[in-house]
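Here is the structure we will look at, set down as structure tokens.
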Amino acid sequence: MTFRFEITVVEATRGSNCLDNVLINFKHHRNFKSGVHDPSLSDYSAVSIDVDSCRVDEDVTMRVSHPITSSSRLIFFDLISNSDWIFVDSDDFSLISKFDIFMNFFTNVVQVSFPERADRVKFYTDKLRFRWFTDDLRKRRAGLRLLVELKYNFPDHFNIKNALSLGQKSHKN
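First residue of the sequence shown: 122, per my numbering; consecutive thereafter.
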């Protein structure tokens, strides 16, 4: 098959003539098993594929993100507001061209404003990974949640406001 795709299903999936398929294109060739099953839901058969997973380091993984920070929002707003939008009202471009210009511009602004960031993230398997999250902290958080709910239901009650304020201050320390 082209583009290094591999066909996974070799059986008919509807009657004897229809062959639906799942194509795979992995970076590394892995073993896979595929099958066609009748779930009795429609006249189509279900296609299943089991792929062997490759072993990776379970403790560390890379997380790719585009962080939204106050400075990146400011850059985004500045680029959008100081741009020339005259092409929108121009009769020289078709609607499709205007949309393409806008999408290209918007994509570039997003990429400049919110650059990609890759972080190594460690995943711990031991049960004590959150050693700082103690029973005392759980109880204090539950008390604060109760006070917040009471303040929401009784917004003018002075004692609840004071108790919530004191609880928040003790929670920070």
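For every residue, glycine included, the Cβ atom is placed at its ideal position computed from N, Cα and C.
(message) Can you look up Val220 in the DSSP assignment and give me helix, strand or coil?
(response) The sequence shown places Phe at residue 220, not Val. It is helical.
(request) Please say whether Gly156 and Ser169 have beta carbons closer to each other than 8 Å? (result) yes
(request) List the endpoints of the continuous alpha helix (DSSP H) containing Ala263. (result) 256 to 274
(request) Inspect the CB distances between the region 222 to 234 and the region 191 to 207 and report whether three or more fall short of 8 Å. (result) yes
(request) Taking all protein chains shown into account, decide if Leu268 is buried (16 or more other Cβ within 10 angstroms of its Cβ) or exposed. (result) buried
(request) Look at Val185 and Ala239 and say whether their C-beta atoms are less than 8 Å apart. (result) yes
(request) Mark Ile281 as exposed unless 16 or more other C-beta atoms lie within 10 angstroms of its C-beta, in which case mark it buried. (result) buried
(message) Can you find the residues in the same chain that come closer than 7 Å, C-beta to C-beta, to Asp210, ignoring five residues on each side of it along the sequence?
(response) none
(message) According to DSSP, Gly156 sits in a beta bridge with which residue or residues?
(response) Ser169
(request) Using the Cα positions of Leu249 and Val242, report the straight-line distance between them to the nearest angstrom. (result) Low confidence applies here, because Leu249 scores a pLDDT of 49, under 50, leaving its location unreliable and the question unanswered by this model.
(request) May I have the straight-line CA-CA distance separating Asn152 from Ser161, to the nearest angstrom? (result) 28 Å
(message) DSSP has Arg184 in a bridge; who is on the other side?
(response) Asp240
(message) Would Asp171 and Lys154 qualify as a contact pair, given that the criterion is a beta-carbon distance under 8 Å?
(response) yes
(message) I'd like to check one pair, Gly288 with Leu271: are the Cβ atoms closer than 8 Å?
(response) no
(request) Throw me the rounded Cβ distance for the Arg135 and Asp159 pair, which I believe falls under 8 Å. (result) Not really, about 11 Å apart at Cβ, beyond 8 Å.
(request) Alpha carbon to alpha carbon, how far is Trp206 from Phe220? Give it in angstroms, no decimals. (result) 12 Å
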